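Okay, so here's the structure we're looking at.
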Amino acid sequence: MKKIFYSILVSGALVSSSCTKFLDVKPVGQLIPTKVEDLENLLNNTRTIDYHFIDNNRGSFYAFLGDNLQISVNQEKYLYLSTHPNVDRYAAYTFYHPYSDPTKPQYAWEWGIYRATAIFNTVIDEVTNLKAEGSDLGKIISGQAKAGRAWSYMVGGLAYGPMYDPGAANDKKVLPYRKASSPIVANPDLATTKEIMDLVEQDLMEARTAPDNVGNPSRASLAAVHGLLAQFYMFKRDWAKMSENAELAWTKVLANKGSVDNAIYDYNKFYYKPDPNASPSPGTDVEVGLELIGQDNFIRQTDNREQLFYRMTPSSSGHYPSDEFLSIFDKTNDLRYKLFALKSLGYSITVGGVKYDDGIKVYYYRDAKMVDNQGLTNPELLLMKAEANARLNKLSVALADLNLLRKYRYAGTNKNLPNGASLSQDQLLEEILKERRRELPLGTYQRTMDVKRLALDTGKPWAKTKIDHVVGGKTYSAEVNSKFYTLEINNPTINLNPQWGLQPNNTTYLPIKN
1 MKKIFYSILV
11 SGALVSSSCT
21 KFLDVKPVGQ
31 LIPTKVEDLE
41 NLLNNTRTID
51 YHFIDNNRGS
61 FYAFLGDNLQ
71 ISVNQEKYLY
81 LSTHPNVDRY
91 AAYTFYHPYS
101 DPTKPQYAWE
111 WGIYRATAIF
121 NTVIDEVTNL
131 KAEGSDLGKI
141 ISGQAKAGRA
151 WSYMVGGLAY
161 GPMYDPGAAN
171 DKKVLPYRKA
181 SSPIVANPDL
191 ATTKEIMDLV
201 EQDLMEARTA
211 PDNVGNPSRA
221 SLAAVHGLLA
231 QFYMFKRDWA
241 KMSENAELAW
251 TKVLANKGSV
261 DNAIYDYNKF
271 YYKPDPNASP
281 SPGTDVEVGL
291 ELIGQDNFIR
301 QTDNREQLFY
311 RMTPSSSGHY
321 PSDEFLSIFD
331 KTNDLRYKLF
341 ALKSLGYSIT
351 VGGVKYDDGI
361 KVYYYRDAKM
371 VDNQGLTNPE
381 LLLMKAEANA
391 RLNKLSVALA
401 DLNLLRKYRY
411 AGTNKNLPNG
421 ASLSQDQLLE
431 EILKERRREL
441 PLGTYQRTMD
451 VKRLALDTGK
461 PWAKTKIDHV
471 VGGKTYSAEV
481 NSKFYTLEIN
491 NPTINLNPQW
501 GLQPNNTTYL
511 PIKN
């Protein structure tokens, strides 16, 4: 019997705690069973879905590169510069590059991308070793593992490297697309953006053996695979294939769910459970401390009706949403604003007998009241479908897609986009992209990655070529198409892989002096 230890699931060659060029993890004596059925346990491991741009304090520095969040001067002086365990968030906000200490482990790299892909690689290899590639279950398991691997490398590659540009060479070397699970197989060379996207596409095409239905959306269904393909082609700016796969995914979602009502929550039917004993601070909203009641008991569960491909999400309810983010809501009719944009006490601290207080602030409590998902949801899929149709100038179809989501997100007798039928292609597309920004989680990698991809829409009103962050009266700026929207591999990983030809960054890491 071939013995394969769980310990090889950690890619030591790609983890800075390793002390060799290969997978430097000692066996612990626990064996992976030799039946293909038991490989499912690996796919159910939470390590496959966690820590993708999430830190140990459960926030995300990568979100601070975008335009959804802001930091106050009191937070700057007394939270981030004095005591905060994740100062990389402040580094990102002030564009202090590299954003994490190059001598330290990186959560996104070690605990996220390569811990997840190591598990997926093991599953794929073991299906082959067990000669189960031709069995129904073997095809399903391999397909789900390849879908998971593709997503991890896609978001990892587009975050560490530049955004894919169909008009460019895409030849920047970014990260290794490791497929081997064996600890004695050396790491491949760094793959370019083009090579990463080619390999992601191959994995997703081969993942179409995924099943129609899954017990939990942390494992890909066939609808999720087509949704991921739509997302992939969105990043590649191949609008025809984006549309084709979004349509396929949406059709399969409806076939699985039975109706749109079963696939998207209707926020018109949500309310806060009254508490006669609630005593909010003056000026704050009582709803902050109340329980949100939805259409079922699953709104805080990862397998609720809206989840298509679940990946754990950093918390953002403790951050200040940017003024720009709050400004894009219809504050009267958008139920996301009415339910989740709530006033609460801002950051305060007493230093030397002096209190520094931000006063009452508006927070966005969506991920505190419901489960959030930085993988793929049915509402996001519907908006990708709308975006693809708008970019293909199928305006009536795109408007119908947008209005379908608005039915579940807006109050009033007429929830449709006002004057939607009279809008030009650019005007409708801009409305769809605004709706996407409102619908996606506030504090994940997603908005920052949208900023990167939409910068390629040269001259359009939604395309930002530069991002400005203001704190303490000082403005920090960075061009979107620059190193400030890429990430560095840390020194220990570079030192373990001299074949990559990278030089360690020996600059002292002092973001608080920025």
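Residues 1 to 514 (the UniProt record's numbering) make up the sequence shown, in order. Each residue gets a CB set at the ideal place from its N, CA and C atoms; glycine is no exception. All values reported here derive from a predicted model rather than from experimental measurement.
Simplified DSSP state of T475, which is helix, strand or coil: strand
Report the rounded CA-to-CA distance for N68 versus E206, giving the unit in angstroms. 35 Å
Inter-residue Cα distance where the pair is R453 and V480: 9 Å
Is there a C-beta anywhere in chain C that falls below 8 Å from the one on L228? You won't find chain C in this structure, because it holds only one protein chain.
Please list the segments of the beta strand (DSSP E) lying wholly inside the stretch 344 to 397, counting only runs of 3 or more residues, in order along the chain. 348 to 351, 354 to 357, 360 to 364
Is the separation between the beta-carbon of F95 and that of T48 shorter than 8 Å? no
What is the DSSP secondary structure of K173, reduced to helix, strand or coil? strand
Cα-Cα separation, Y408 to L228: 23 Å
For the ligand FAD, any of its heavy atoms closer than 7 Å to the Cβ of I196? Among the components of this structure there are no ligands whatsoever, and the ligand FAD is therefore not found.
According to DSSP, which residues form a beta bridge with D334? Y410
Can you pull the DSSP bridge partners for P321? L69
With burial defined as no fewer than 16 other Cβ atoms inside 10 Å of the residue's Cβ, what is the status of P274: buried or exposed? exposed
Of the listed residues S60, V73, Y78, nearest to G352 (C-alpha basis): Y78
How big is the Cα-Cα spacing for M154 and F325? Note on geometry: alpha-carbon atoms of M154 and F325 lie some 26 Å from one another.
Apart from the five residues just before and just after E76, which ones in its own chain have a Cβ nearer than 6 Å to its Cβ? V471, G472
Alpha helix (DSSP H) segment containing F309, residue limits: Run containing F309: none in the alpha helix (DSSP H); it sits in the beta strand (DSSP E), 307 to 309.
Helix, strand or coil: which one does DSSP assign to T87? Note that residue 87 is Val in the sequence shown here, rather than Thr. V87: coil per DSSP, three-state reduction.
Buried versus exposed, by CB contacts within 10 Å (16 or more), S152: Classification for S152: buried.
Are the beta-carbon atoms belonging to P314 and I124 less than 8 Å from one another? Result no, Cβ atoms of P314 and I124 do not sit closer than 8 Å.
Does DSSP put H52 in a helix, a strand or coil? Assigned with DSSP and collapsed to three states, H52 falls in coil, not helix or strand.
Length of the line joining the Cα atoms of W500 and S72: 40 Å
Bridge partners of D468, per DSSP? S477
What runs of the alpha helix (DSSP H), each 4 residues or longer, lie entirely inside the stretch 214 to 277? 222 to 236, 239 to 257
Per DSSP, which one or two residues make a beta bridge with T192? K173
K452, enclosing alpha helix (DSSP H) - first and last residue: 445 to 454
I293 (DSSP reduced to helix, strand or coil): strand
Unbroken alpha helix (DSSP H) run spanning P492, endpoints: Going by DSSP, P492 is part of the alpha helix (DSSP H) stretching over 491 to 496.
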